[in-house]
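Novice: Before I ask anything, here is the structure I am working with.
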Amino acid sequence: MRILQILGGLGLLSIGLLLLAFTSGIVSMTLYHLVGIALILSGLFFWIPGFVWRKPLPWLTSLFIPGTLAFAIGGILIYTGNVGIQAWSWLWTLLIIAIGLAVLAMYIWGPRTVWLQWVGVIVAGIGFALLAILLTISAEPTARIVGPVILIALGLLITVRAVVTRRT
């Protein structure tokens, strides 16, 4: 009971300090930033039960999917708050990557069924390939370099995995 009082008091204290910083002009944030931070924090509420109770209730790792999507959307909103909404032309691929990574996290920390690993790798790989292609045709000069680098890294990863022999 005492720990709840401490956590509640610290929560109210941090919210009050944050609001004071906003109203006094020390910190300037847009609505994109605030919603992004809220989504990232809400993603933690999905991930924590999956970690804490993964042994007795392995199906709780399925909460990694909405948690990872909340992380991704929160990060995307914070990024678009800084650079502008035109970045959505390639940022949407991060949602596909997030779903693939969430399924891989379900495989790693949950029930180790092989199909989870394959689905995660395939979905994340498709997301990375789409991201690389869209970055390559982007108007931003830095993105035109990052896109081919991602494609080269994916190609190397697939080739090295195929060449390296595995011990069974």
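Heads up, the sequence shown is in my numbering, so the first residue is 324 and it goes up one at a time. Built from N, CA and C at the ideal position, the CB exists for glycine as well. Remember, it's a predicted structure, so these values are computed and weren't measured experimentally.
(1) Hey, how far is the Cα of Thr346 from the Cα of Ala485?
(2) Determine, using beta-carbon pairs with one atom in the segment 444 to 453 and one in the segment 422 to 436, whether at least three such pairs fall under 8 angstroms.
(3) Between Trp370, Ile371 and Leu342, which lies nearest to Leu357 when the distance is taken from Cα to Cα?
(4) Taking the straight line between their C-alpha atoms, what separation do you get for Gly450 and Ile420?
(5) Helix, strand or coil, according to DSSP, for Trp415 in the structure here?
(6) State yes or no: is the C-beta of Gly331 nearer than 7 angstroms to some heavy atom of the ligand FAD?
(7) May I ask you to verify whether the segment 430 to 437 touches the segment 453 to 460, counting CB pairs closer than 8 angstroms and requiring at least 3?
(8) Determine, using beta-carbon pairs with one atom in the segment 359 to 373 and one in the segment 385 to 399, whether at least three such pairs fall under 8 angstroms.
(9) Smallest Cα separation from Leu480: which of Leu327, Leu417, Leu383 and Ala452?
(10) Near Pro471, what residues of its chain come up, given a Cβ to Cβ distance below 8 angstroms and the 5 sequence neighbours on each side ignored?
(11) Between Trp386 and Gly373, how many whole angstroms is the CB-CB distance? I'm expecting something under 8 angstroms.
Specialist: To lay it out plainly:
(1) Here residue 346 refers to the residue found at position 23 when the sequence shown is read from its first residue. Here residue 485 refers to the residue found at position 162 when the sequence shown is read from its first residue. One C-alpha to the other measures close to 57 angstroms.
(2) yes
(3) Position 34 of the sequence shown, counted from the first residue, corresponds to residue 357. Nearest C-alpha to Leu357: Leu342.
(4) Walking along the sequence shown from the start, residue 450 turns up at place 127. Walking along the sequence shown from the start, residue 420 turns up at place 97. For Gly450 and Ile420, the distance between alpha carbons rounds to 5 angstroms.
(5) Here residue 415 refers to the residue found at position 92 of the sequence shown. In the structure shown, Trp415 sits in coil (DSSP, three-state: anything other than H, G, I, E or B).
(6) The ligand FAD is absent from the structure shown, which contains no ligand whatsoever.
(7) no
(8) yes
(9) Translated into positions along the sequence shown, residue 480 becomes position 157. It is Ala452 whose Cα lies nearest to the Cα of Leu480.
(10) Counting from 1 along the sequence shown, the entry for residue 471 is found at position 148. So the qualifying residues of the chain are Ala455 and Thr459.
(11) The sequence position of residue 386 within the sequence shown is 63, counting from 1. The sequence position of residue 373 within the sequence shown is 50, counting from 1. The identity of residue 386 in the sequence shown is Leu, whereas the question assumes Trp. Between Gly373 and Leu386 the Cβ distance is about 5 angstroms, and since that is below 8 angstroms, they are a contact.
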